[in-house]
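Taking it in order: structure first as structure tokens, then the write-up.
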Amino acid sequence: MPKITDTITQPQPTDRRLECERALEEDFQVFTSLAEGAGWSWQEIALALMELTEDYVMAMRLSTKIAENASVAPGNKTLH
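Following the UniProt record's numbering, the numbering of the sequence shown begins with 1 at its first residue and continues without gaps.
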């Protein structure tokens, strides 16, 4: 499977979403072709990808929230 390409060389691309989409596109096509070759319909693949995407978003939101809470928590806790 080809590797996902790095971000473009410009420090701040004008549209990072499109750059990310382009970087993922080739591997995405390979991935979905493999799923189709295994016998899954395009509808099943699309629904599975949507569920996986939702799980990813929820996990990243939780991870971000935990990291934000950890950064504001007091560093030294004492019980006395």
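For glycine and all other residues, C-beta sits at the position ideal for the given N, C-alpha and C. Quick caveat: nothing in here was measured; it's all calculated off a predicted structure.
Point to revise | residue 81 (DSSP reduced to helix, strand or coil) | key: Residue 81 lies beyond the stretch modelled for the chain, which goes from 1 to 80, so this question has no answer here.
Check your understanding: Considering only residues of the same chain and omitting the five flanking positions on each side of I45, which have a CB-CB separation below 8 Å?
Key -> T32, A35 and E36
Point to revise | A38, DSSP secondary structure in three states | key: coil
Review point. From S71 to E54, what does the alpha carbon distance come to, in whole angstroms?
Key: 26 Å
**Study point:** Cα-Cα separation, W40 to Q29
**Key:** For the pair W40 and Q29, the Cα-to-Cα distance works out to about 14 Å.
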